[in-house]
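Heads up: the structure comes next, in structure tokens.
Protein chains: 2
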Amino acid sequence: MKFITGIREKETVEISGLPAEDCEGKRVRVNGAVHTIRDMGDVAFVILRKREGLLQCVFEEGLTKCSFSDLKEAQTIEAEGIIRVEKRAPGGVELLLETVKILSEPAERLPFAVAKWKLPTTLETSLDYRAVSLRNIRERAKFRIQEGVVRGFRDFLYSQGFTEIHTPKIGAKSAEGGANLFRLEYFHRPAVLQQSPQFYKQMMVGVFDRVFETAPVFRAEKHSTRRHLNEYTSLDFEMGYIDGFEDIMGMETGYLQYMTGLLQRDYAKELKILGVTLPDVEKIPAVRFDVAKQLVSEKYGRQIRSPYDLEPEEEALAGRYFQEEYGADFVFITHYPSKKRPFYAMEDPEDPAYTLSFDLLFRGMEITTGGQRIHDYHRLLEKMQKRGVQTEGMEAYLAAFRYGMPPHGGLGIGLERLTMKLTGGDNVRETTLFPRDLSRLEP
Amino acid sequence: MKFITGIREKETVEISGLPAEDCEGKRVRVNGAVHTIRDMGDVAFVILRKREGLLQCVFEEGLTKCSFSDLKEAQTIEAEGIIRVEKRAPGGVELLLETVKILSEPAERLPFAVAKWKLPTTLETSLDYRAVSLRNIRERAKFRIQEGVVRGFRDFLYSQGFTEIHTPKIGAKSAEGGANLFRLEYFHRPAVLQQSPQFYKQMMVGVFDRVFETAPVFRAEKHSTRRHLNEYTSLDFEMGYIDGFEDIMGMETGYLQYMTGLLQRDYAKELKILGVTLPDVEKIPAVRFDVAKQLVSEKYGRQIRSPYDLEPEEEALAGRYFQEEYGADFVFITHYPSKKRPFYAMEDPEDPAYTLSFDLLFRGMEITTGGQRIHDYHRLLEKMQKRGVQTEGMEAYLAAFRYGMPPHGGLGIGLERLTMKLTGGDNVRETTLFPRDLSRLEP
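Going down the list, the protein sequences come from chains C and F. Just so it is clear: in the first sequence, position 371 is 370 by our numbering, and no numbers are missing. Just so it is clear: in the second sequence, position 15 is 14 by our numbering, and no numbers are missing.
Dropping the structure here:
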């Protein structure tokens, strides 16, 4: 009988296994994709793209045992040779090629030059050819940083006693209700795709005290803007036994501190490739909604048109205001008007026209909505009745409250937006692997 | 201006902050839900449910400054008192109550006794009342273990150089095609929910070499069995530069070794609550599909009815065979017949009627399907033509191959099934927070 005993050790090395200090003259085997070839006459540089970066390989007629004409871009190869310290090469080393084994061949030349520093395509072309355009080192780096953003979220919350949950995306009803729902037929029953895990995560606070989920949400909004997606990844948490909604903002601030630290430590290469300066998250100003509107109106001479909404332009100006006045990249806008928040939002006991809720703006764009929720069954029912929210189909949600729920609150963070603002992008599609919008359903 | 500077430190303590060795006589504040109350006459035990377990609190008339009649099950409270070492209490300590502050009240008595060791309901009732039934300590523990299963997957793969990706769940086409698709309208265009991230993760191998995703998948299968769900969480990975499909099995074995180690270390409490003995994953036998069928047929006298399928009963018997003959909880069944594998499966060069693919059985049930994929553009096109698979709508997928892809392969693991088999369940709904099946769309 044959047995599988664990990872099969590879004879090939990765870039992190080739530190310039101690591998001069070492014979190694590597694999990778031919990113680009620069023919210099006597020698040629064959730049290999590996998951950790680029490795400069040197083809020398006579020394390298293959024909130069056999090599071309977008092949994948396995090569053996000798490492040489070379300051001008990426990573400070290069590989003098001895043998090259071609693992796979492309069928055609690349449609555009992915090896260029800046991808020479429009965003639309980049999205159409995602499997190719992301081979560009800078484009790829954005999604490595996105990994750090999610990874930091989970690792930080694990350390704070949160439990990870997986809630269903197909349901009979959705948390926010309304028109922006994708509808489908589920074995002859009408169903919807969830806009948020809101109800589920609240129900699970009664079980685990603190829960989080990192999963897709679906919004059939007919927006066509640089900041809207119809499917995105939501980083959600919900926590019980809070003393107030400041606990939620404190937890988010703690996450941002942890996450930026993680990026600094484990994703420094990608930050450098993109020229990213991480935001300062030591302290984040928190200002009331009505005060923020007033401050922006006064400083920038913008008339307040709607007292209940923070319009995108006002968000941008609020971001600018706190940048200018406090050097802050982030600002919490608190106490949103009740009429603009869902029924489960906890009203401010001092003025029920406002809620104990907040948005977090990052460089002038909303990346989080959160707040304290109503936890008392009777108050919740009352609010639903006042709002005309049907209890039908909400029995399981209401049962959580009927049988006792701790004071709690939580938030949702849009992953793609946060990544966009971190990496200095200005269209959320740039930081979405395969975006879904009004016109885009493929690839 | 007010600033948020990070996590707000709590004055309350968690159970892990109350080790029996060094907290005798300590005054502490705790919060939690009243799990159950045992009135013993002179004193009463008020058992608090906290996220880390149960804490025995002692109500003593005169000493405790509240009325006993004010306390009831399913309240949430904050209490202060003195810690006493008490061997008979869970965790070895108890809290002598001095003050009790009620944070929230239930509106009704619990519909069933969640505090019983075994939940006294049917599975259907438990699923209808998920927000309540999971307050049972054993039910809750299953999902803590599920967390460890996912967490181990990610952490292990991060350590192996994988990048986490997030792929869209709404698409124009799906990887496996066929009839088992949920269909919806996407802004006046027909769309489907993805059955698997297969195409996307393959495309991303050309970018990141190694990728993984942990996300929901949707299958409109009309099965009504103990092991099928219509929406489940799939743990997927895909890796490039493999020498053969044994690399995939090796990586999965490495994951199982890491994950069981993590459970042992960080989820020991939950393993104990459920009486779980972790499987032996030091080495996993691998046997060809045709040989497995033969062995099972010979040993258990079961006639081979279909040479192309491993029927559920045969899976169970194969599990039994390798348990009896090798003491193995897991077995890899390799070289599935080509006609039963999707078009992208790599055929065995030694016999193209079979593929370089595998399933992993855990205690007689399939929990993984994986294998090597075709990476050559022309071979892939040829296979699609032979199978009658339309290239329309597959342009982006095919582009990845047209412009060069390394040899690669991967797998998908059903999270709920793996959790079920680990925790000794016999219905996959037991280890799904909110299952979706033919009849269940709520809660």
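Cβ atoms here follow ideal geometry from the backbone N, Cα and C, with glycine treated the same way. All of these numbers come straight from a predicted model, not from anything done at the bench.
State the Cα-Cα distance for the pair residue i and residue j, rounded to the nearest angstrom.
{"i": "S438/C", "j": "Y396/F", "result": "19 Å"}
{"i": "F58/F", "j": "R137/F", "result": "26 Å"}
{"i": "V206/C", "j": "I46/F", "result": "15 Å"}
{"i": "D347/C", "j": "T75/F", "result": "21 Å"}
{"i": "E237/F", "j": "G408/F", "result": "6 Å"}
{"i": "F329/F", "j": "Q322/C", "result": "57 Å"}
{"i": "E10/F", "j": "R28/F", "result": "7 Å"}
{"i": "E429/C", "j": "T166/F", "result": "14 Å"}
{"i": "R416/C", "j": "S158/F", "result": "27 Å"}
{"i": "E310/C", "j": "L316/C", "result": "10 Å"}
{"i": "K268/C", "j": "D242/F", "result": "29 Å"}
{"i": "R48/F", "j": "D154/C", "result": "24 Å"}
{"i": "F44/C", "j": "L360/F", "result": "47 Å"}
{"i": "D279/F", "j": "E107/F", "result": "46 Å"}
{"i": "Q448/C", "j": "F186/C", "result": "In the structure displayed, chain C extends from 0 to 442; residue 448/C sits before or after that span and is not available."}
{"i": "A285/F", "j": "M39/F", "result": "58 Å"}
{"i": "D289/C", "j": "V295/C", "result": "10 Å"}
{"i": "F211/F", "j": "R386/C", "result": "43 Å"}
Using a threshold of 8 Å, state whether the C-beta atoms of residue i and residue j are closer than that.
{"i": "G318/C", "j": "R287/C", "result": "no"}
{"i": "L432/C", "j": "I164/F", "result": "yes"}
{"i": "L448/F", "j": "P434/F", "result": "Missing from the structure shown is residue 448/F; chain F here goes from 0 to 442 and no further."}
{"i": "K282/C", "j": "D235/C", "result": "no"}
{"i": "A344/F", "j": "P405/C", "result": "no"}
{"i": "R129/C", "j": "P336/C", "result": "no"}
{"i": "Y402/F", "j": "A219/C", "result": "no"}
{"i": "G5/F", "j": "G249/C", "result": "yes"}
{"i": "L102/F", "j": "E77/F", "result": "yes"}
{"i": "F181/F", "j": "L355/F", "result": "no"}
{"i": "F152/C", "j": "T252/C", "result": "no"}
{"i": "E51/F", "j": "E13/F", "result": "yes"}
{"i": "I366/F", "j": "I412/F", "result": "yes"}
{"i": "T368/F", "j": "D358/F", "result": "yes"}
{"i": "M364/F", "j": "E314/F", "result": "yes"}
{"i": "T120/C", "j": "F111/C", "result": "yes"}
{"i": "A398/C", "j": "V131/F", "result": "yes"}
Mind checking residue i: buried by the 16 CB within 10 Å criterion, or exposed?
{"i": "N135/C", "result": "buried"}
{"i": "R139/C", "result": "buried"}
{"i": "H334/C", "result": "buried"}
{"i": "K172/F", "result": "buried"}
{"i": "H34/C", "result": "buried"}
{"i": "L62/C", "result": "exposed"}
{"i": "F2/C", "result": "exposed"}
{"i": "M0/C", "result": "exposed"}
{"i": "K382/F", "result": "buried"}
{"i": "Y254/C", "result": "buried"}
{"i": "N30/F", "result": "buried"}
{"i": "Y307/F", "result": "exposed"}
{"i": "Q55/F", "result": "buried"}
{"i": "S66/F", "result": "exposed"}
{"i": "R150/C", "result": "buried"}
{"i": "T418/C", "result": "buried"}
Assuming residue i contacts residue j (C-beta within less than 8 Å), just tell me the rounded distance between them.
{"i": "Y231/F", "j": "D208/F", "result": "Not quite, the Cβ-Cβ distance comes to about 27 Å (not below 8 Å), so this is no contact."}
{"i": "Y320/C", "j": "K298/C", "result": "6 Å"}
{"i": "E97/F", "j": "K64/F", "result": "6 Å"}
{"i": "V148/F", "j": "L414/F", "result": "6 Å"}
{"i": "A291/C", "j": "I332/C", "result": "5 Å"}
{"i": "D436/F", "j": "L192/F", "result": "That belief does not hold up - the Cβ atoms of D436/F and L192/F are roughly 15 Å apart, past 8 Å."}
{"i": "Q194/C", "j": "F217/C", "result": "6 Å"}
{"i": "V427/C", "j": "R264/C", "result": "Not confirmed; about 26 Å, so no contact."}
{"i": "L53/F", "j": "P18/F", "result": "About 16 Å; that fails the 8 Å criterion."}
For the ligand ADP, is there a heavy atom less than 7 Å away from the beta-carbon of residue i?
{"i": "R143/F", "result": "No copy of the ligand ADP appears in this structure; indeed no ligand is present at all."}
Open item on the list: Any contact between the region 403-422 of chain F and the region 137-147 of chain F? By contact I mean 3 or more CB pairs, one from each, below 8 Å.
Closed with: When C-beta atoms of the region 403-422 of chain F are compared with those of the region 137-147 of chain F, three or more pairs fall below 8 Å, so the two segments count as touching.
Task: Inter-stretch contact (C-beta, 8 Å, three-pair minimum) for the region 92-99 of chain C and the region 114-131 of chain C - done: No, the region 92-99 of chain C is not in contact with the region 114-131 of chain C.
TODO: Give a yes or no on contact between the region 294-310 of chain C and the region 254-264 of chain C, applying the rule of three or more CB pairs nearer than 8 Å.
DONE: Too few Cβ pairs lie closer than 8 Å, so no.
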